[in-house]
Structures are given as structure tokens and as C-alpha cells.
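Down below is the structure, laid out as C-alpha cells.
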Amino acid sequence: MPRLILSPRLAASRRFTFLVLLGGILAGLVVSGGFLLTQGMGLSDLASQFVGYTFGNPAGLDQTLTRSIPLILVGLSVAVCLKVKFWNIGVEGQLWAGAMAATAVSLYHIGPEAVRLWVMCIAALLGGGLWCGVCALARIRLRANEVVTTLLMNYVAYMLAQQLLYGAWRNPQDSFPVSKVFAPGETLALLGFGHVHAGIFFSLGAALFCWWLCGFARVGYMAKAVAANPAAARAVGVPAGAVVLLMATLGGALSGLAGFTIVCGEEHRLTQFVGNDFIFPSIVIAYLARSNPLGVVVAAIAIAALYTAGDSLKAFYQLPGATVLTIEAILLLCVCCAEFWLRYQLGWAKSTKVAP
Amino acid sequence: MEYELSRIQRERFDEISKLAVRLAEVEKSFGPRPALAGANFSLEWGEVHALLGENGAGKSTLMNVLAGFYTADAGILEVDGEAARFETPSAAADAGIGMVHQHFQLVGPLSVLENLRLACARRAGWRSKAEALRAMETLGKELGFRLDPSARVDEMAVSDQQKLEIMKVLLAGARILVLDEPTAVLTEQEAQSALGLARSLARSGRAVVLITHKLRDVLGFSDRVTVMRAGRTIIDGAASEGMTAASLSDAMVGSAPVLEMPPLADGRQFKPDMLKVQALSVPASAHGVALTEIDFAVQGGEIFGVAGIGGNGQAELVEALIGVRALTSGAVLFDGVDMPPSPEARRERGLRYIPADRMGMGLFGELPLNVNISLPRLLGGGAEKKWLVTKSWMNGLARDAISQFEVAGAQVDLPARLLSGGNAQKLMLAREFTGGMEILIAHSPTRGLDIRAVQAVQARLRAAAASGCAVLLISEDLDEIMQLSDRVAVMSHGRMSPAENVAAVDRARIGRLMLEMH
Amino acid sequence: MMELFTAWVSTIPAFAAPFLLATAGLIINERAGVMNLGAEGVMAMAAVTSVLMEMAGHGTALALLCGIGAGLGLAAIFGIMAVFLRVDQVLAGLVAFALGIGVSGFLGDGSENQTVNGISPPPGSDFAFLPKLLAGILDQDWLTWFAFFAAIAVWFIIERTDIGLRLRAVGEDAPAADAAGVNVALYRFGAVLAGGVLCAIAGAHLSLVGAHIWVDGMVAGRGWIAVAMVTLSRWNALRAIAAALLFGAIQALVPQLLSSGMNVPVYFIQMSPYLATLAYLLIAGLFAKGADAQPADLGRPYLREERR
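Chains as they are written, first to last, in our numbering: chain A, 1 to 356; chain B, 1001 to 1518; chain C, 2001 to 2308.
Encoded structure:
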């Protein structure tokens, strides 16, 4: 008796892959748009908010670009980790760790003043790298599930930051839970276009570096091998554990760098909110970009534009702050479901049996 | 001999009403390769029937047809005198057929009783745990052993797991039992008791098939024997009593090799002890075999063949040699110097490896051919490209490999998993036969390949030896070992026999070493 | 000091209950082999829906049921993605998380900070005859009591019944369970729904019992903590009671400390359960214990045609 069965698709052509992903994104946009229409927005409002304001208006573009700086970095962070099938759910913790490390360098005057900014940058890289690296080590050596460990490390970093801000690092002048403002030499320069700061060079540089690392460096190919078949990778002579550790540490360092760009480029001090709401966007960005580092830049700017639009929707249409998160979720949902057709196909069962 | 067999066959035909199972002219192919080409088999109530044959002879496939895991392409299947066709294992189970596979289908973290309840509750009609426990104890009494119902299955000895599998099948109502190589994973004493159990099951009126390649199982514990080779039945249900080790091993491994290869050139220079293994011991892993005091040396320029039935320690030996399995004692020397411990360092010293499980341990199925080919060249201190690995460089390597090793139907960006078996193996060879190869370990390099691919691979192995490489060929195919090797040793139960010159060695004796040595 | 202690201890069960409900729900999921990171979203959906329904005057019981329904809907979306469409479970869980938080923000927009009756402990103590401390612990509302009974029930069903047996088989070794005739997809989806119900009740407990209001972001990471607590309780719902009491005790301690005006490192105290969970994970790994308790097929989609 014929019945419908699900079977793995042998191979999807590049064209088919592209069409399916495009279809997923379009479906996500249509569903999101429909959702916003039910919230009392008109079609022309949608167009003016999402296209006109975010890209066509200097203030909107400024906001979008500034917001994209850390988003690119956290997106890269997740993407780099995914190259070795390591789920990094801890970009916020790593970002906090990087921000705290950079702040500590400023507060305790570590290193010569002339290169203080660079010391802060390196400290942030180390802080973030450490925060993710220990989770990778725990997975390799102790088989601890990285989803849980990176998740928990978020809270540890957050609590540590709050403790510092309410304690040792509290601003002595006004007793607000923020750190002292950094010295002028400890901040990233503005580039003369709104709030856009030199951190954008760090983000784009990091994207280029990751693009080279994943596509043109030896370790990128080793990572591909480890992700595709760990047993064969070891047999061929790929040091699998070291590759996972390296990629995950690099991923953490990128999130730490995002923390550095926020405290040195935007806030110019450590505040209570530098590391909020990055986990889900980082996953969405990495996933929409299919973990391609240059694709991450595009996806991060798109998601940043979504935030810009979200802010103005909040101001002008009284839509709640959850708008952006909802749209992100709908987009990812549609793309995930579309991807199903890349991996599986439906067909009629024949009367063949499979081996046990 | 021929006459006698057919007389026995005719007699069996007359007694068809006594038959529990009759399989006739069964055919089954996987892809282009026939696994069964007209196989016959008959099973009587009350007997233990041994089904003998080398790996790949079709024994397991035939029994999987009986138990509903495969459906035959053609042929007759009768159970208890009635024609049958099983689309699913569950349909076969309803007809009273149960199969205990080599790889047990038990849920490890669950207890004995839980596994029984999971698998049999519906068929046996148990409504409570107590009922299941009672049924288990009753059956245990009948069979003469007792398992702790609350023991965790993955903490039990393999022999107990096997007993549990047999209980599972019986409690689900099986009267016809198929045991797939039940003694392969057991110690001698355990094997004796398992075979004794099979016998008592048969004496209680059930019918038992014993898939095996051990002569001891046949001669000591079975009533009749069927021998298969290359998908065909060679001996069809002869009484075991009249059989000798020689007649069985002849039927099993066949006589002279089909294809003679030209001898290698005479002027070969042998370089002694290129690869030397001294008193190597490795502990057993779960479901694995321990290696005990293995000693051998492979010369540069020769092919050293290791014969033996699969699962006698070959995989463990290979893993120890390439450096992914730790030794308890012993040494692996390369040209007189201790091998470095890590796989990457061993590779740099010139060790190359063709795994038995191509897609599992060798190739990266999801990655394109160009990455598969170039990956080893990116490793270690001698990496050819350090900072800029370009697609064109990889494509160049891949194109060379594809043309040189005649990988058919391949583009450089094709995922490796889409290659056919033979072409995947050629890709594997192309990757391993790169500059600096000094020692080659080839584990079942022609398994599952068609005849043209087999010849291509074998020619490559000989070429490697001719160029001075030390080749260790581990194969379950005795023909292949005898054809290619300069010297031969036999692995059995984690030990290795002393090497002998292939010209001086008697094929039948190798067969017996494979089957009988402990 | 003693008063502070009594006040602290008597609030622990109500603080622990949402953790316990969500953890028990996730244990059902994970024992069937499905890791659900969407608990936070499910909780938020249930929390906002139940408050809205009560504000609309539907009575607490119906409000709770509607909350469960809303959480269940989101769990079903997750289940369809993770079980039937075989989307990576981490990804599917994150989608459920974001969808739940996002949609609950829309639903609750404009209804924030409006007090509802919700569920409170019965006025006057039922246990006045007992010592004050003990009476304080036992004087809880019915939903908090339910949480503890639910955990015991989950443990009993998983460990002691036929349904639980099949559920565990599916989570430990899906191919072997399939060979034994268990419908793997059906059991996994059922586990996702059952777990979703408990996570939803956890969310409703937050808004109806704990806060009596809805505020955006009020779940405040409790769903994530529940994911980690599953590991801490070694996939055992009885141990989850102890784990929930630990997290509940710390959470209940913080307001007491703040109101007492004592100068203590509040955030370090709040950090301690996370560090304890991390330390537990590492120690369990050192002694190879974690691997024992974790369902072997956790996170692995199953399709018969893809047998390993």
C-alpha cells in the first residue's frame, strides 16, 4: 500500500538552495508585514519606516550603522563557533566579559597611556575568549553540553558586572551604578557621521579576518573537516580538540570585542545595559548568513535596520519594544522551515525495506 | 560428493511437511551488486542448523529476508509449509520468526525487565510489571539461567545481553530463531554455553539457525549445515556429522583464485623492518576485542597480508597503528625508531591509511572532492599552503587526482558522499597515495566494490609495494590476501599467527587457522 | 534575625514552584530526547495570557486554562519544527523563545502593571497548630502545592509506567525503540506538549501567584535557568525539587536581604546557583557521571531512513 514517506534529499543544487532560502526570507517578510498590518499600520507606513527611514535618512542610517557594529561582531562570534558545530548561546556573557576587561584596563590604568586603547582592546579579546574557551574546554575534556555552559556563563558575567557596578566600580561622583567615564584617549573616535565610531573598522576588519580564516586558512579547512566527520578528521591527523578550542575561543574573543566597541565607542564607560539583547539577534544573523562571515555583515546591517525601524515604530506607532524580536523570530522560523526542503523530500513509499 | 548432496536434497524434499522454513532460489541485490544469487535453505523443526560462509557470502542477507528486514527480489519463502512474504520484521515476528542480530537492539540505559516490557508487552499481552516478571522467570527456568531483572543492560556482560536478546525474541512468541554470529563476541566458555542453549531450544521443538563462520560451532553443536559462498548455496543442508573441517573450509573459501596476477618484478629491493610491531597489546573496548602480544614486521617493498574473519581485532590493530587508540604495552617502530604517538605526527612520518569504513573513518561525505583531496596536505609542519589556501590550488589537486586515479563521474565541487563505492575508494587512494608515503595500511580496501574497481585498487597496492612502500593489507577476503601478499599472517581472537611466505603456505591450513585458532 | 529567617523560609516554596514546574516539564522533553530552549517563551505566553484573561473577568481557573492553552500552542510550534521538520533543536528552541517573548510583549502591551486577584494562599493559617516556621512553609496557595505534586507525578510516570518506559527508550536509543515498535515521532511530540503544559503552568504561576500583574520581561530568565536545572537534577524530577528549592531559596533571600538593609554582595549571592550548576557540570564530567544521566539521543533527530 503506497503511503507518504519522508526521506533525506541526496543533494540540493545551488540554485535550489538559493531559491529555498530566498523563499524563506520572503515568506518571513510577508508574515511579519501582515502581522504589523494587523497592529494598525498601513502599507505605505511600512515602506517608509523600513526602507525610507532606516536607509534613506541620515539619522536612521547613522543609528543603523552604529547599531550594526556590535551586531556584526556577535554574529561572527556565533558563525565562527558554528563552523565546528559549537552552539554559542553565550555571546552576551562574552560581551560583558570583554566590556568588563576593557573597563578594568581603563579604571586601573594598565599599560602606557599612549597605547591604552589597544590594551583595552586586547583585554576585551582575552576576556571574551576566556569566557567561551572554558566552555569549549569543558566540552572537549568533560563532555559538558556547551549549550548549557555558555548559557550559564551569561548569567555569571552579568551578575559579576552588576556586582562591580554597585560595588567597587560605582561612579564616585554621583553614586549611579555606572563606571567612571573613560579618558579621551581611551575611546574610539567618531567618524563625523552621527554616532558612527571607529569601531566599525574593527567589525569590518574582523569580518574580513574571519572570511580569510574560514575560506583561505588551513584552520578553516580543518574546522570543516571536524564538523563534517570528527572520526575521519582525527584519523587523517587533524587535531580535532585543538581546532574546536581555537574556533570557540576566537568566537568568544569576537563577542568580547563587541563589548569593547560598545564601552569605548558608544557609552564611554561601563553601564548596566551594555550586554542586553544580543543572544537571539546573534543567532539570527549567523543563521541568515549561513555562517558566511561576509554574509554576516549584510545580515547584521539588515537586523540593525530592523532595530532602527523598531525604535521609530515604538515612538510613532506606540508598538511595543517586542516588535523587533517578534519579526526576527518570524524570519528565522520561516527560513528554518524552508530549509527543511533542502534536507528532505516527500515521496511515495515503495515496498523496499531498510537494513536494521 | 556432488551426487550425495543432491540425494540428500531429494530426501529433504519428500519430508517437506517437517520443514519449519524453506527458502528456494532467493535473489536480492543492493544496487548493481547481487548479495543473493539463487540461494537455497531449509530448516526443520527441532534442529540446530548452521549457516556457514565467509563475510559477504550472503548468510546474513538471506536470514534478513526470512526475518522481514529485507524483502527478496525473487524466490520462494515458505514457513511451516505455507508460502509467506514478510514486508516488515513485525510481520515475520507474527509468524513466529525472531532474529538476534550481531548488534543487539537493546536500550542500554534501561534495565533487563524494562527492555523486555518495551519489546514484548504488546505481543505477550502483559498488563503489569509483575506479569512480565513472572513470564521472564518462567522462561529463565526453562532455559536454565537467570538474569537480574533490575540490572542496567549496558552494564551487563555481552553474553548476558545476548541471553536477554534471546529471551526477548522468545517472549515475543518466536518458534524459529535466527542467531547471527552468536559466538563472535563471546569468550570460549560463554560460547560453549550459548551454543548449548541453542541446542536445548531446538530440542524443545523450536528451530534454530546459527549463522556462523566457526567450524567448532558447526561440528560440535549443529545437526545440519548449509554453506554459502558469493550469494549461492554450496552445501545445502547436509548432516553435520559426516563433515570434516577440510570439507567445510574448502566449500567456504573455494579453491584456487579466479584471477592470476602477473608476479611483481624480480629485482625488488626489500628494506627490512620498515614497520615493526613488538608485543603490542591493547585493552578491549565495549563490544571489541583485546589485542594480545602482537608481533610482526613489514619490509619496505612487500605486501604483508593479514587474513582473518572480521571482528578478530583487525580494527583495533589498525587504530593502534594509526595512533587513535592507546596501547597498554608494546611498541610500534618505524624504520627502527619509535613512532610518535599522535596521528598527525605519524602521518608526517609517511604513514598512510585506507580504512575499512570509507565514509566513517576516511572521507568527509558532506565536503566537496577538492577539500577531501587537499586536506592532508594542509596539516603538519610540511603543509604546502600555510596562509592562503586557494580554490584553484585545491581544484588543481583534485583534477589531477580524478584523472590519475580515474574517478568516474566526479567534479571537483561534488560532495564526496555522492560518489559510488568504487569511485569513493579511488578518491581515498588518490588522497593517501601522496608524496612521502612510506607505510600503507589498507584495511579491506576492496570490500563492496565491483570487479573493475577491485582490480584497479589491487593494482595500486602492488604499485605502492613495487615503489618501495611497506604495505600492510588486512582483509577478510582470503583470495585477495593470497593473490597480493608476499607474506601472510592470520589474526584470530586478538592474536596474530607467525608470518609465512605466501608461496610456501597451504591455503587450506590458512583457512583452518582463520576458523579454529584461539 | 529569627523573623527574617522565618519570612525567608516561608517564601521559598512560592519562589521555587515556577522553577520546579518548568524543570519538570523540560525533564519530560529531554527524557524523550528533545532539548527545548523555548521554555522562557512558553512561560511568558502563559503568564501574559492568564493575566489578560483574568483582567477580562473570566475567573482565575479559566484564566489559568487559557494561559496553559497559549503556552501549549507555542510548544506545539516548537514540536512541529523540532520533531516533524527536524530543525536543529537548539535553533527551534531559540525561535520558540523569541516568538514567545515577542508575542507576549504585543499581547500585554497596554495591560502592564495592572493588578489582578490571581491566586493567593488561603487567608489565615491552616496549620496554625504547628510551630510557626513549619506553618509558614506549609501555608502556600494551591498552585504552589500543585507544583510539588506535579514533580512527583512526573517522576512516577517517567520511571514507573509503561508510557514512561517508552518515553525513556525513545530518548535513550531511538532506533532500538523503533525496532521495539514505539512510534518515535509521536512520543517525542507528546513529550513536547506535556512539557509545554508544565512550562505554561510555571509561567502562569509567575503572574497569578507571584506578581499578580503582567510586566514585560517578568519571566526574567527563569526559563533558561530551568534548562540548566535539568542538568543539575540529572534528568530526575525528584532531584529537581531539591534544585528548585536551591534556586528558589537564593531568589527568596535577595528581597529579604535588601529590605533588611544589610550590606551584602547581593549579586554574588545571586550568582552562586549558576556557579554551583557549572561546578556540578564540570565535576560530573570529571567523574563521567553527566554522560550517564543525559539521555543518549538528546538533541538527535530521528528518521528511520537515516539509521546510524
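Glycine included, every Cβ here is placed at the ideal spot set by N, Cα and C. All values derive from a computational prediction rather than experimental measurement.
Paired residues, beta bridge with residue i - DSSP
| i | result |
| --- | --- |
| residue 1491 of chain B | B:1496 |
| residue 1282 of chain B | B:1291 |
| residue 1233 of chain B | B:1228 |
| residue 1300 of chain B | B:1271 |
| residue 197 of chain A | A:190 |
| residue 1519 of chain B | Outside the shown range of chain B, which is 1001 to 1518, sits residue 1519 of chain B, and nothing can be said about it. |
| residue 2301 of chain C | Looking at the DSSP assignment, residue 2301 of chain C forms no beta bridge with any residue, so it has no partner. |
| residue 1501 of chain B | B:1487 |
| residue 6 of chain A | A:346 |
| residue 1238 of chain B | B:1225 |
| residue 1277 of chain B | B:1296, B:1332 |
| residue 1037 of chain B | B:1027 |
| residue 1368 of chain B | B:1415 |
Residue span of the beta strand (DSSP E) that contains residue i, given as start and end
| i | result |
| --- | --- |
| residue 1212 of chain B | 1207-1212 |
| residue 1099 of chain B | 1097-1100 |
| residue 1305 of chain B | 1303-1307 |
| residue 1330 of chain B | 1329-1334 |
| residue 1028 of chain B | 1019-1030 |
| residue 1154 of chain B | That residue, residue 1154 of chain B, is in no beta strand (DSSP E); it is neither H nor E in DSSP. |
| residue 144 of chain A | Segment: none, residue 144 of chain A is in no beta strand (DSSP E) and carries neither H nor E. |
| residue 1471 of chain B | 1470-1474 |
| residue 2283 of chain C | Looking at the DSSP string, residue 2283 of chain C is not in any beta strand (DSSP E); the run it does join, the alpha helix (DSSP H), is 2266-2286. |
| residue 1180 of chain B | 1176-1180 |
Where the alpha helix (DSSP H) through residue i begins and ends
| i | result |
| --- | --- |
| residue 1226 of chain B | It is not in any alpha helix (DSSP H) - residue 1226 of chain B instead sits in the beta strand (DSSP E) that spans 1224-1229. |
| residue 293 of chain A | 293-317 |
| residue 281 of chain A | 279-288 |
| residue 1163 of chain B | 1158-1171 |
| residue 329 of chain A | 323-343 |
| residue 1250 of chain B | 1245-1253 |
| residue 2227 of chain C | 2222-2232 |
Contact set for residue i: own chain, Cβ-Cβ below 6 angstroms, skip 5 residues either direction
| i | result |
| --- | --- |
| residue 1082 of chain B | none |
| residue 2092 of chain C | 2078, 2081, 2082 |
Per-residue burial, residue i [other beta carbons within 10 Å of its own, 16 or more giving buried]
| i | result |
| --- | --- |
| residue 154 of chain A | buried |
| residue 10 of chain A | exposed |
| residue 1196 of chain B | exposed |
| residue 266 of chain A | buried |
| residue 1353 of chain B | buried |
| residue 1302 of chain B | buried |
Neighbourhood of residue i by C-beta distance below 8 angstroms, restricted to the same chain and skipping five residues each side
| i | result |
| --- | --- |
| residue 1257 of chain B | Here residue 1257 of chain B scores only 48 on pLDDT, less than 50, and its place in the model is too uncertain to base an answer on. |
| residue 335 of chain A | 21, 24, 25, 28, 287, 288 |
| residue 191 of chain A | 197, 198, 200 |
| residue 2138 of chain C | 2126, 2127, 2130 |
| residue 17 of chain A | 342 |
Close-in-space but distant-in-sequence residues of the same chain around residue i (CB under 7 angstroms, 5 per side omitted)
| i | result |
| --- | --- |
| residue 166 of chain A | 177 |
| residue 38 of chain A | none |
| residue 1149 of chain B | 1111, 1112, 1113, 1133, 1136 |
| residue 2167 of chain C | 2031, 2032, 2158, 2187, 2191 |
| residue 1084 of chain B | 1077, 1078, 1095 |
Enumerate, from N- to C-terminal direction, the unbroken alpha helix (DSSP H) stretches of 4 or more residues contained entirely within the stretch 2119-2188 of chain C.
2132-2138, 2142-2160, 2162-2172, 2174-2179
Go through the stretch 1044-1119 of chain B residue by residue and report every complete run of the alpha helix (DSSP H) that reaches 4 residues or more, in order.
1059-1066, 1089-1094
My parser needs the beta strand (DSSP E) runs of 3 or more residues fully inside the stretch 1391-1452 of chain B; what are they?
1439-1443
Quick check for students: name the residue ranges of the alpha helix (DSSP H) that lie wholly in the stretch 8-71 of chain A, counting only runs of 4 or more.
14-38, 43-47
Output the residue ranges of the alpha helix (DSSP H) runs that lie fully inside the stretch 143-181 of chain A and measure 4 residues or longer, sorted by chain position.
146-166
Unbroken alpha helix (DSSP H) runs of length 4 or more, entirely within the stretch 2047-2091 of chain C: which are they?
2060-2079
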